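Take a look at the structure below.
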Amino acid sequence: MPAETTVRRKLKPIVAMNEALDAAMAADDDVVLFGEDIGAYGGVWALSKGLQKKYGELRVFDTPLSECAIMGTCAGAAMAGLRPVIEIMYVDFMTVAMDQLVNQAAKIRLMSGGAFDLPMTIIAPCGAGTSEAAQHSNSLEAWFLNTPGLKVVMPSTVYDMKGLLTAAIGDNNPVMYLWHKALYDLEEEVPDGVWTVPLGEAAVRREGGDITVVAYSLMMHRAMAAAAELDGRVSVEIIDPRTLHPFDLDTVLRSVRKTGRLLVVHESPLRCGVGGDIVRRVCEAGFELLQQAPQVVGGVDSPIPFSKSLEDAVVPQVSDIRAAIETMVE
Amino acid sequence: MNFTADELKRMYTTMVLIRKFEQNSIEIFAERMKRGDFPGALHSSEGQEAIAVGVSSQLRPDDYVFSTYRGHGHAIAKGMPINKVVAEVHGRATGASRGYGGSMHLFDKSINFMGGNGIVGAGLPLALGTAYAAVKRGTDQVTAVYFGDGGASQGAFHEAINMAAIKKYPIIFICENNQYAATTHVSVNCPIEDIGDRAKAYGIPGPVVDGNNLFEVVDTAGAAVSRARGGEGPTLIECKTWRHRAHCMVIPEHRPGKDREHWANRDPIDQMRDHLTAAGIADAAAIEQLDADVQEQLKAAVAFMQDSPFPDPAEIAEVVYAG
Ligand SMILES: Cc1ncc(C[n+]2csc(CCOP(=O)(O)OP(=O)(O)O)c2C)c(N)n1
Ligand SMILES: [Mg+2]
Numbered sequence: 010m011p012a013e014t015t016v017r018r019k020l021k022p023i024v025a026m027n028e029a030l031d032a033a034m035a036a037d038d039d040v041v042l043f044g045e046d047i048g049a050y051g052g053v054w055a056l057s058k059g060l061q062k063k064y065g066e067l068r069v070f071d072t073p074l075s076e077c078a079i080m081g082t083c084a085g086a087a088m089a090g091l092r093p094v095i096e097i098m099y100v101d102f103m104t105v106a107m108d109q110l111v112n113q114a115a116k117i118r119l120m121s122g123g124a125f126d127l128p129m130t131i132i133a134p135c136g137a138g139t140s141e142a143a144q145h146s147n148s149l150e151a152w153f154l155n156t157p158g159l160k161v162v163m164p165s166t167v168y169d170m171k172g173l174l175t176a177a178i179g180d181n182n183p184v185m186y187l188w189h190k191a192l193y194d195l196e197e198e199v200p201d202g203v204w205t206v207p208l209g210e211a212a213v214r215r216e217g218g219d220i221t222v223v224a225y226s227l228m229m230h231r232a233m234a235a236a237a238e239l240d241g242r243v244s245v246e247i248i249d250p251r252t253l254h255p256f257d258l259d260t261v262l263r264s265v266r267k268t269g270r271l272l273v274v275h276e277s278p279l280r281c282g283v284g285g286d287i288v289r290r291v292c293e294a295g296f297e298l299l300q301q302a303p304q305v306v307g308g309v310d311s312p313i314p315f316s317k318s319l320e321d322a323v324v325p326q327v328s329d330i331r332a333a334i335e336t337m338v339e
Numbered sequence: 145m146n147f148t149a150d151e152l153k154r155m156y157t158t159m160v161l162i163r164k165f166e167q168n169s170i171e172i173f174a175e176r177m178k179r180g181d182f183p184g185a186l187h188s189s190e191g192q193e194a195i196a197v198g199v200s201s202q203l204r205p206d207d208y209v210f211s212t213y214r215g216h217g218h219a220i221a222k223g224m225p226i227n228k229v230v231a232e233v234h235g236r237a238t239g240a241s242r243g244y245g246g247s248m249h250l251f252d253k254s255i256n257f258m259g260g261n262g263i264v265g266a267g268l269p270l271a272l273g274t275a276y277a278a279v280k281r282g283t284d285q286v287t288a289v290y291f292g293d294g295g296a297s298q299g300a301f302h303e304a305i306n307m308a309a310i311k312k313y314p315i316i317f318i319c320e321n322n323q324y325a326a327t328t329h330v331s332v333n334c335p336i337e338d339i340g341d342r343a344k345a346y347g348i349p350g351p352v353v354d355g356n357n358l359f360e361v362v363d364t365a366g367a368a369v370s371r372a373r374g375g376e377g378p379t380l381i382e383c384k385t386w387r388h389r390a391h392c393m394v395i396p397e398h399r400p401g402k403d404r405e406h407w408a409n410r411d412p413i414d415q416m417r418d419h420l421t422a423a424g425i426a427d428a429a430a431i432e433q434l435d436a437d438v439q440e441q442l443k444a445a446v447a448f449m450q451d452s453p454f455p456d457p458a459e460i461a462e463v464v465y466a467g
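Structural data, given as structure tokens:
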């Protein structure tokens, strides 16, 4: 972590990501930024604020409203040796760009026998909780994880948002960088400067001896809240994988060796989901460590409905996580 | 166009209802946001009322309409009861989609209102489907689909118009060119002056009209509907217009003041009011009465919404899958 200094200040996600982009663009002229409304306006989330002014319209510009063309431009530019970054306004709109990502960007390295690297980063907000209904609330990480050739990053803290974005841009593969919209107002004290959080290193967010809870993105925060409510009754260890591929299995196994129990929590749908795969890995590598069947708490088998009463019912809440922990431990 | 005085007054009051509905929704949303309770996205169609009302005046109740996230006006003009619109936008079980869809996803099967859409451009391919169904069944139903100037940059726009033109499907493609896609000026999305000119590439008509002039919209939509119903194929209509507000509530106004002034003098409702007065259909007092009636109707709809329950999550599974 080279440029990290000891000065600390409060930072929010968008500013953290903006600073990571700024530093990457300053350090490498090949880093270019594509997206809708990202130029003079600075992006609807303010992600690219000030960057066009600083780096010019050749490196930061408003594209037409054409996600397929944006993704193709990005992939082709990466093949030509640039290091493009795209902002997709909501991960939901990735559907329009899927061929260029899944059949093109993710496969070109293999199809070319390893000749072409595609160093590109796709930044997209994801998740429910903002009453934006079925087409603006998706959690699609499982789709991307099921696409060999892609890496998937899902930060939960401001520190990681900055450090992982720096790492993603520096990586020589297509990386999906998914930040949760409900974390928009998160505020955290972080060091000054720029740092890297390597892809594939989990963080232990809370130490405990009774149960291991693996949770990422917004659900890491909900798991922490559930653990706090159970404080004194159940000793919960919380592991935040931070990147889903590559995945840090060692840290999870180390924890399960201590606790003997595993619960995975995610917002995306339960069926054929991320949790099922984490459970598979733990069972294959350390079945004997488990005292009981591992569990997964995840999204209900439903698109995200609009009304708050419905939306809250299809996404894990603190109370759901707490109840799952209690059932497993008691 | 040949309208009776009553029909003209009804078109006027529908435009006013759309306008007042949008303003009322913004008020309720703003109040909730002030309390830190984010109610979701709201995209106002204020300023674009003449397009929805003009197009709908040329459609039959059994014609199909595909809308966008800026679709409250499309729904009201097609005949969705205002109670259902208000209740849906505020997430009530009595709403058009039982509270499942929200502002961006108003549906009403009973009037073939086939939904708002949160994915820009996604309505155009769907329109091929209802048009095909009409052709297959031998009905003469027409499908109308709305999208924006930004929407015309999606691949879906080109694929859908190309296929519709080849198959001569009965569709009217209505581009509401309000000059901006979110914060991006239309010149960034389109290298030519008129999106309507793209029709040439598919060999279909592409009229460009003043979307703030109800009668221009009516005439052009009328011709396109006759052409579609007569089996001659689709039309792309570009309506030049202007939304009164920024893209949605969380995006601050960023458009140049001189453009806003220019369009402020060409408000569709002001123009219609002037027409009614000049034609001797309604004097100032009569207009005031019409406006007051609309206000009452809206007030009743808001009261209906406030008395309505929120949806019961126990029903979700039954809503997700058909039995
Ligand atoms: C495929 C897709 N990309 C991006 C968005 C985000 N978005 C929503 S509306 C909008 C602007 C659309 O502009 P336009 O088509 O002109 O319609 P208007 O909002 O002006 O009515 C954008 C970029 C989206 N909803 N869907
Ligand atoms: Mg527009």
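Chains V and H, in that order, are what the protein sequence lines are. Just so we're aligned, residue 10 is where the first sequence starts under this note's numbering, counting upward by one. Just so we're aligned, residue 145 is where the second sequence starts under this note's numbering, counting upward by one. The C-beta atom is built at its ideal place from N, Cα and C for all residues, glycine as well. On a predicted model such as this, the values are computed, not experimentally measured, just so you know.
Shown in chain order are the members of the region 231-245 of chain H whose Cβ falls below 7 Å from a Cβ of chain V: Gly235, Gly243, Tyr244 and Gly245. Counting the other CB atoms within 10 Å of its CB gives Gln109(V) a total of 16 or more, which places it among the buried residues. Contact between the region 209-219 of chain H and the region 177-191 of chain H is present, with at least three C-beta pairs closer than 8 Å. The alpha-carbon of Val199(V) is positioned some 6 Å away from that of Tyr168(V).
Taking every protein chain shown into account, the CB of Ser331(H) has fewer than 16 other CB atoms within 10 angstroms, so this residue is exposed.
Across the structure, Arg281(H) and Gly198(H) are spaced so that their CA atoms are roughly 28 Å apart.
For Met248(H), the closest Cβ of chain V is nearer than 9 Å.
Contact check for Met34(V) and Cys83(V): beta-carbon distance about 15 Å, past the 8 Å limit, so the pair fails to qualify. The Cβ atoms of Leu358(H) and His406(H) do not sit closer than 9 Å to each other.
Relative to the Cα of Cys281(V), the nearest Cα in the group Arg18(V), Met107(V), Leu149(V) and Leu174(V) belongs to Leu149(V).
By the C-beta density criterion, Glu76(V) is buried, having at least 16 other C-beta atoms within 10 angstroms.
For Asn155(V), there is no enclosing beta strand (DSSP E), as DSSP marks it with neither H nor E. When the beta-carbon positions are compared, Gly44(V) and Met103(V) stay at least 9 Å from each other.
Lys62(V) counts as exposed, since fewer than 16 other beta carbons sit within 10 angstroms of its beta carbon. The three-state reading of DSSP puts Met307(H) in helix, counting H, G and I together.
Assignment of Trp407(H) by DSSP, reduced to helix, strand and coil, places it in the helix class. Contact residues of the region 316-341 of chain H toward chain V are Ala325, Ala326, Thr327, Thr328, Val332 and Asn333 (C-beta to C-beta distance below 7 Å).
Annotation: Cβ neighbours of His398(H) in chain V (cutoff 8 Å, chain order): Tyr50.
Pro205(H) does not reach chain V, its nearest Cβ partner there being about 27 Å away, counting only Cβ pairs nearer than 7 Å. The region 226-305 of chain V is shown to contain whole alpha helix (DSSP H) runs of 4 or more residues at 226-238, 258-268 and 283-295, in chain order. Looking at the DSSP output, Arg92(V) bridges to Val40(V).
Across the region 166-186 of chain H, CB contacts with chain V closer than 7 Å involve Phe182, Pro183, Gly184 and Ala185, in sequence order along the chain. Across the set Met88(V), Val105(V), Glu96(V) and Pro134(V), the C-alpha of Met88(V) shows the shortest separation from the C-alpha of Ala115(V). Residues of chain H whose Cβ lies closer than 9 Å to the Cβ of Gln144(V) are, in chain order, Tyr213, Met248, His249, Asn261, Gly262, Ile263 and Ala266. Chain order gives the chain H residues near Glu141(V) as Gly184 and Ala185, where near means a beta carbon separation below 7 Å.
In the structure shown, Glu197(V) falls within a strand segment according to DSSP collapsed to helix, strand and coil.
For Lys317(V), the chain H residues whose Cβ falls inside 8 Å of its Cβ are Gly235 and Phe454, in order along the chain. CA-CA distance, Phe210(H) to Ala266(H), rounds to 9 Å.
In chain order, the residues positioned with their C-beta nearer than 6 Å to some heavy atom of ligand 2 are Gly292(H), Asp293(H), Gly294(H), Asn322(H), Tyr324(H) and Ala325(H). Under the DSSP assignment, Pro412(H) falls in the alpha helix (DSSP H) whose first and last residues are Pro412 to Ala422.
Taking the Cα positions, Lys58(V) is about 45 Å away from Gly241(V). Here the alpha carbons of Leu268(H) and Gly259(H) stand approximately 12 Å from one another. In this structure the region 345-356 of chain H lies against the region 375-391 of chain H, because at least three pairs of beta carbons, one per stretch, are closer than 8 Å.
For Pro457(H), the nearest CB of chain V lies under 9 Å from its own CB, placing it at the interface with that chain.
DSSP places Asp169(V) in the uninterrupted alpha helix (DSSP H) bounded by Val167 to Gly179. Per DSSP, Tyr244(H) lies in no beta strand (DSSP E) and is assigned neither H nor E.
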